[in-house]
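Beneath this line is the structure, given in structure tokens, with notes to follow.
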Amino acid sequence: MEMGKGRGAGGSRQGLGRRGVAPTKCVCPQCGYETEKTRGVPCRTIRCPKCSIPLVGK
Ligand SMILES: [Zn+2]
């Protein structure tokens, strides 16, 4: 009655691959400037208008 209990349990990782953790905002690590994240556009490609450094996902 313990079919596949040993190996199959931790096999499905696909549930964790979701985008639930994806950032919704981009923030400047230096001054705290925030802007809404554009979907499909990485935060690091956006620069802070004040500091001219790449933003990071939040
Ligand atoms: Zn800044």
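In this text, residue positions in the sequence shown follow numbering that gives the first Met the number 0: the first is 0, and each later residue adds one.
Virtual Cβ for every residue (Gly too), placed ideally from N, Cα, C.
Taking the C-beta atoms as reference points, ARG38 is found no nearer than 8 Å to PRO53. For LYS36 against LYS49, the beta-carbon gap comes to about 18 Å, at or over 8 Å, which does not count as contact. Within the same chain, and ignoring the five residues on either side of PRO22 in sequence, the residues whose Cβ sits closer than 7 Å to its Cβ are LYS36, CYS42, GLY56, LYS57. Taken from the Cβ of CYS27, at least one heavy atom of ligand 1 lies inside 7 Å. The Cβ-Cβ distance between VAL26 and GLU33 falls below 8 Å.
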